[in-house]
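Asker: A single structure is presented below for examination.
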Amino acid sequence: MIIKLMKTLVVILFEIIILHKSSFNHTGTNDEYLDICCGIGPTGQEIFDELKLEKHVGCKVFDEGRHDTIDFWHGILPALPHGDTLHHQPSAPDVHGCVIHSFIHPKCRSSKRSLLEYCCIGIPMHISENTILSNITLLTYSDFNQNILYLPSNLIMQTIPLNDELFATFAFGFHDNMKITYNNSDKIMYFGQTLSTIAKKIHRHMNDLFDDENNKSLWTLKIFPVTKNPNESFEKTLKLFLLNDFTMFEQQYVSIQEILKHRDISLTIQYRSNLINCT
825 MIIKLMKTLV VILFEIIILH KSSFNHTGTN DEYLDICCGI GPTGQEIFDE LKLEKHVGCK
885 VFDEGRHDTI DFWHGILPAL PHGDTLHHQP SAPDVHGCVI HSFIHPKCRS SKRSLLEYCC
945 IGIPMHISEN TILSNITLLT YSDFNQNILY LPSNLIMQTI PLNDELFATF AFGFHDNMKI
1005 TYNNSDKIMY FGQTLSTIAK KIHRHMNDLF DDENNKSLWT LKIFPVTKNP NESFEKTLKL
1065 FLLNDFTMFE QQYVSIQEIL KHRDISLTIQ YRSNLINCT
């Protein structure tokens, strides 16, 4: 059998195709995404260099005297030119992470492994390690009596516009497992807090935190306040896990599952386009 096979193969012409190295880059996890955007680690640095990425793309420093009149969500834009690029600003923020199409306060600081994309930050803020902020607007912060607002490390926050001109901001830990389901609500922790503690903060009963008793997870947890503007949305969600004694009374709270279901995609595109055009 072997001899017969060899005789057959002798008269067959073979063509060899050399396949080039695959250009597919996987960015499916938070770690991979941050590594690539910030050019950190062997794989992240390799892809960063291969794609010719930059850490600071379309970044400007706020003119502190005029930032409170800006609303990129509704097209109230700064008179151009406004601010300088991050690279050429004499009082440039101490920014070491990746910043994409954002206006930031001149006293902002960010760690090497952090990402700000499409943000408007008008107060001094410290962004720690393993942090991703997206679509954030924070021009004012009530009861702000400190030199700088410190955000905890291992944090993901994103503001998303909803239908009817409303806003919601979700926040989770960088390494949280969003989809794992629990039979017992007591096993679910939110930034080290039990759900009973969170329920008291937002003046809701435990039964109000989930629509489906058989599908309890961080993904379906209804604790994010629905507000009329993005600044208030971010501030209230931030205080929910940042302050122990914080309480709020909102008519509606939503989960990330509901946020994605009712998001206003056209307003998101408009907001990001306005930022791109001004940076």
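Counting from 825, one number per residue, gives the positions in the sequence shown under the numbering used here.
Yeah, the Cβ is synthetic: ideal placement off N, Cα and C, and Gly gets one too.
Quick one: which unbroken alpha helix (DSSP H) runs of 4-plus residues sit fully inside the segment 1016 to 1069? Chain order, please.
Answerer: Segments of the alpha helix (DSSP H) lying fully in the segment 1016 to 1069: 1019 to 1025 and 1054 to 1066.
Asker: Could you give the distance in angstroms between the alpha-carbon of Thr-851 and the alpha-carbon of Ile-956?
Answerer: Here residue 851 refers to the residue found at position 27 when the sequence shown is read from its first residue. Here residue 956 refers to the residue found at position 132 when the sequence shown is read from its first residue. Distance between the alpha carbons of Thr-851 and Ile-956 is about 14 Å.
Asker: Drop a sphere of 10 angstroms on the beta-carbon of Phe-1065, count the other beta-carbons inside from all chains shown, and report buried for 16 or more, exposed for fewer.
Answerer: Sequence index remark: in the sequence shown, residue 1065 carries index 241 (1-based). Looking at its Cβ environment, which holds 16 or more other Cβ atoms inside 10 Å, Phe-1065 is buried.
Asker: Grab the span of the beta strand (DSSP E) containing Ile-1136 for me, first residue to last.
Answerer: Coverage of the chain is limited to positions 825 through 1103, which leaves residue 1136 absent and any answer about it impossible.
Asker: Below 6 Å CB to CB, which residues in the same chain sit around Ile-827 once its five sequence neighbours on both sides are set aside?
Answerer: Along the sequence shown, read from residue 1 onward, the residue named residue 827 stands at position 3. For Ile-827, where only same-chain residues beyond five positions count, there are no Cβ hits under 6 Å.
Asker: Return helix, strand or coil for Glu-1082, following the three-state DSSP convention.
Answerer: Translated into the one-based positions of the sequence shown, residue 1082 becomes position 258. In this structure, Glu-1082 counts as helix in the three-state DSSP scheme.
Asker: Return yes when the Cβ of Pro-1054 is within less than 8 Å of the Cβ of Thr-983, no when it is not.
Answerer: One-based indexing of the sequence shown puts residue 983 at position 159. One-based indexing of the sequence shown puts residue 1054 at position 230. In this structure, Pro-1054 lies closer than 8 Å to Thr-983 by Cβ.
Asker: Taking the beta strand (DSSP E) that Lys-884 falls in, what are its first and last residues?
Answerer: If you number the sequence shown from 1, residue 884 lands on position 60. Start and end: 880 to 885.
Asker: Can you tell me where the alpha helix (DSSP H) holding Thr-1092 begins and where it ends?
Answerer: As a working mapping, residue 1092 is identified with position 268 in the sequence shown. Where Thr-1092 is concerned, the enclosing alpha helix (DSSP H) stretches over 1089 to 1102.
Asker: Quick one: any contact between the segment 1077 to 1086 and the segment 970 to 990, if contact means 3 or more CB pairs under 8 Å?
Answerer: Yes, the segment 1077 to 1086 is in contact with the segment 970 to 990.
Asker: When you compare the CB positions of Thr-961 and Phe-1070, do they come within less than 8 Å of one another, or not?
Answerer: The sequence position of residue 961 within the sequence shown is 137, counting from 1. The sequence position of residue 1070 within the sequence shown is 246, counting from 1. No, the Cβ-Cβ distance between Thr-961 and Phe-1070 is not below 8 Å.
Asker: I need the DSSP call for Met-1013, collapsed to helix, strand or coil.
Answerer: The residue you call residue 1013 lines up with position 189 of the sequence shown. Strand, per DSSP.
Asker: Please say whether Ser-926 and Leu-940 have beta carbons closer to each other than 8 Å?
Answerer: By one-based count along the sequence shown, residue 940 stands at place 116. By one-based count along the sequence shown, residue 926 stands at place 102. Yes.
Asker: On a Cα-Cα basis, can you pick out the residue from Ser-1009, Phe-1015 and Phe-991 that is closest to Asp-1000?
Answerer: Counting from 1 along the sequence shown, the entry for residue 1000 is found at position 176. Of Ser-1009, Phe-1015 and Phe-991, the residue nearest in Cα terms is Phe-1015.
Asker: Can you tell me where the beta strand (DSSP E) holding Phe-991 begins and where it ends?
Answerer: Reading the sequence shown from its first residue, position 167 is the one you call residue 991. That run of the beta strand (DSSP E) goes 990 to 997.
Asker: Let me check understanding here. Comparing Cα to Cα, which of Asn-849, Phe-996 and Lys-1060 lies closest to Trp-1043?
Answerer: Against the sequence shown, residue 1043 aligns to sequence position 219. If we check each option's Cα against that of Trp-1043, Phe-996 comes out closest.
Asker: Tell me which residue opens and which closes the beta strand (DSSP E) that Val-834 is part of.
Answerer: Sequence index remark: in the sequence shown, residue 834 carries index 10 (1-based). Careful: Val-834 lies outside any beta strand (DSSP E), inside the alpha helix (DSSP H) at 826 to 834.
Asker: In this structure, how does DSSP classify Ile-842 when only helix, strand and coil are distinguished?
Answerer: Numbered from 1 along the sequence shown, position 18 holds the residue referred to as residue 842. In this structure, Ile-842 counts as coil in the three-state DSSP scheme.
Asker: Give me the residue from Lys-884, Thr-1061, Arg-1028 and Gly-865 with the minimum Cα distance to Tyr-965.
Answerer: Here residue 965 corresponds to residue number 141 of the sequence shown, with the count starting at 1. Nearest option by C-alpha distance: Thr-1061.
Asker: May I have the straight-line CA-CA distance separating Lys-936 from Gly-868, to the nearest angstrom?
Answerer: Translated into positions along the sequence shown, residue 936 becomes position 112. Translated into positions along the sequence shown, residue 868 becomes position 44. Each residue's alpha carbon lies about 13 Å from the other.
Asker: Which residue's Cα is closest to the Cα of Ile-1100: Ile-1022, Leu-979 and Cys-883?
Answerer: On the sequence shown, residue 1100 is found 276 positions in, with the first residue counted as 1. Cα-wise, what sits closest to Ile-1100 is Cys-883.
Asker: Return the Cβ separation of Met-949 and Ile-972 in integer angstroms, given the expectation that the two are a contact with Cβ distance under 8 Å.
Answerer: What you label residue 949 is simply residue 125 of the sequence shown in a count that begins at 1. What you label residue 972 is simply residue 148 of the sequence shown in a count that begins at 1. About 7 Å separates the two Cβ atoms, so the contact holds.
Asker: Report the rounded CA-to-CA distance for Gln-1076 versus Thr-1051, giving the unit in angstroms.
Answerer: Here residue 1076 is taken as the residue at index 252 of the sequence shown, counted from 1. Here residue 1051 is taken as the residue at index 227 of the sequence shown, counted from 1. Taking the straight line from one Cα to the other gives about 9 Å.
Asker: Taking the CB atoms as reference points, tell me whether Leu-1019 and Met-1030 lie closer together than 8 Å.
Answerer: Against the sequence shown, residue 1019 aligns to sequence position 195. Against the sequence shown, residue 1030 aligns to sequence position 206. Contact flag set, yes.
Asker: Compare the Cα-Cα distances from Ile-1004 to each of Asp-1032, Leu-990 and Asn-1038 and report the closest residue.
Answerer: Stepping through the sequence shown from its first residue, residue 1004 is reached at position 180. With distances taken between Cα atoms, Ile-1004 lies closest to Asn-1038.
Asker: Nearest CA to the CA of Glu-989: which residue from Val-881, Ser-938 and Asp-1088?
Answerer: On the sequence shown, position 165 is the one that residue 989 refers to. Measuring from the Cα of Glu-989, the nearest candidate turns out to be Asp-1088.
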